[in-house]
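Asker: Below you will find the structure I want to go over with you.
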Amino acid sequence: MKWLRRVALIVVVLLLVSGLLYWFLPASLAVPFAASRAKGLVLDDLSGTLWDGRAGRVTGRDGRELGSATWRLGRDAILGRIHLDLHLEGRAGRFDGHLERTDPDAMHWTGIDFRLDAAALAGPALPPELIPMGVVDGQIPRADLQGNWPVALDADIHWRAAAIRTPEGDVALGGLALKAASVGGVLRATLADDGKGSLAVDAALAASPLGWRLDGKLVPRVADSALSHLIARFGPIGRNGSVNLQRKAGLAPANTP
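Following the numbering used here, the numbering of the sequence shown begins with 13 at its first residue and continues without gaps.
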């Protein structure tokens, strides 16, 4: 019977060591594996634990440095339940938010608050010769994503001192406000200017997984060649210099509920 007691003791010790390792799992061991699954972020200079840690340097897939990050992660992650508080801050801006994830295809974000340099918006979706300038800040109290689609959303985003550097010169847009909401899987958003820039912007978007619709108008307030070249990218210019935005694809929902 002695060998049986020894085996039982070894099992208990192994379970205890495994439990302690899981409870105090160093970030330097676990985070690189988790980040590799995220497919887009590289975290360096790690400290703390997987549950309460810090990354002194965070870079994106394109090598752009995003800053440093701190986080708190619920220990029930082993059961597939993600409860994450995230803070990211760098020269380009900051991001705060809380993530709940209990299903592989569903994410629930709350308390998102961010502020970033508009230049960070430059990417594949924007021609390289166009450089956004100014500051973008926003609050997203709630965002429920199902398969990366916002089935529920409440967002209020502002582009302050908005401007775009173009090959023809800088175009000052003043302030732009984007308000978005999603109910029942139908996303509706409006974009409008504050009346202080060189371009009057009034647009509405409605979208669902089956299609989308964009309606609006761009009307210049000043005669400027750089501005004319910029808005010509969105469609033919009318006699008064304006551009009508009328686009749709698929089974587009209406812009009004």
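Heads up, the beta-carbon is just placed ideally off N, CA and C, and yes, glycines get one too.
Here the structure is a predicted model, which is why all the values come from computation and not from measurement.
Just mark G209 as buried or exposed, buried being the case when its beta carbon has 16 or more other beta carbons within 10 Å.
Answerer: Numbered from 1 along the sequence shown, position 197 holds the residue referred to as residue 209. Per the 10 Å Cβ criterion, buried.
Asker: What distance in whole Å lies between the Cβ atoms of A264 and G197, which are believed to be in contact at a cut-off of 8 Å?
Answerer: Sequence index remark: in the sequence shown, residue 197 carries index 185 (1-based). Sequence index remark: in the sequence shown, residue 264 carries index 252 (1-based). The pair is not a contact, with the Cβ atoms about 14 Å apart (cut-off 8 Å).
Asker: Taking all protein chains shown into account, decide if S59 is buried (16 or more other Cβ within 10 angstroms of its Cβ) or exposed.
Answerer: Taking the sequence shown and counting its residues from 1, the one referred to as residue 59 is at position 47. It counts as exposed.
Asker: Considering only residues of the same chain and omitting the five flanking positions on each side of R251, which have a CB-CB separation below 8 Å?
Answerer: By 1-based counting over the sequence shown, the position of residue 251 is 239. Counting only Cβ-Cβ distances below 8 Å, and skipping sequence neighbours, we find nothing.
Asker: Check for me: the beta strand (DSSP E) holding I124 runs from which residue to which?
Answerer: Here residue 124 refers to the residue found at position 112 of the sequence shown. From DSSP, the beta strand (DSSP E) with I124 extends over 118 to 129.
Asker: Return the chain-ordered ranges of every beta strand (DSSP E) run that is complete within the segment 152 to 188 and spans a minimum of 3 residues.
Answerer: 161 to 178
Asker: Using the Cβ count rule (16 or more neighbours within 10 Å means buried), how would you classify I90?
Answerer: Mapped onto the sequence shown, residue 90 falls at position 78. With fewer than 16 Cβ atoms within 10 Å of its Cβ, I90 is classed as exposed.
Asker: Nearest-angstrom Cα distance between Q258 and D227?
Answerer: Counting from 1 along the sequence shown, the entry for residue 258 is found at position 246. Counting from 1 along the sequence shown, the entry for residue 227 is found at position 215. In this model, Q258 and D227 are separated by some 5 Å (Cα to Cα).
Asker: Does DSSP put A266 in a helix, in a strand, or in coil?
Answerer: Your numbering for residue 266 matches position 254 in the sequence shown. The answer is coil: DSSP assigns A266 none of H, G, I, E or B.
Asker: Would L185 pass as a contact of D205 if the rule is Cβ separation under 8 Å?
Answerer: Mapped onto the sequence shown, residue 185 falls at position 173. Mapped onto the sequence shown, residue 205 falls at position 193. For L185 and D205, yes; Cβs fall inside 8 Å.
Asker: In terms of alpha-carbon separation, which member of V195, L62, A134, A235 lies closest to R154?
Answerer: Here residue 154 refers to the residue found at position 142 of the sequence shown. It is V195 whose Cα lies nearest to the Cα of R154.
Asker: By alpha-carbon positions, which one of A189, G68, W63 ends up nearest to D57?
Answerer: As a first step, residue 57 must be located in the sequence shown, where it is residue number 45. Ranking A189, G68, W63 by Cα distance to D57 puts G68 first.
Asker: Entirely within the segment 84 to 110 and at least 3 residues each: give me those beta strand (DSSP E) ranges in chain order.
Answerer: 94 to 102
Asker: Exposed or buried, which one is A219 when buried takes at least 16 other CB atoms within 10 Å?
Answerer: Your numbering for residue 219 matches position 207 in the sequence shown. Buried.
Asker: What number of angstroms, rounded off, separates the C-alpha of L230 from the C-alpha of L78?
Answerer: The residue labelled residue 230 in the question sits at position 218 within the sequence shown. The residue labelled residue 78 in the question sits at position 66 within the sequence shown. Cα to Cα, L230 sits roughly 33 Å from L78.
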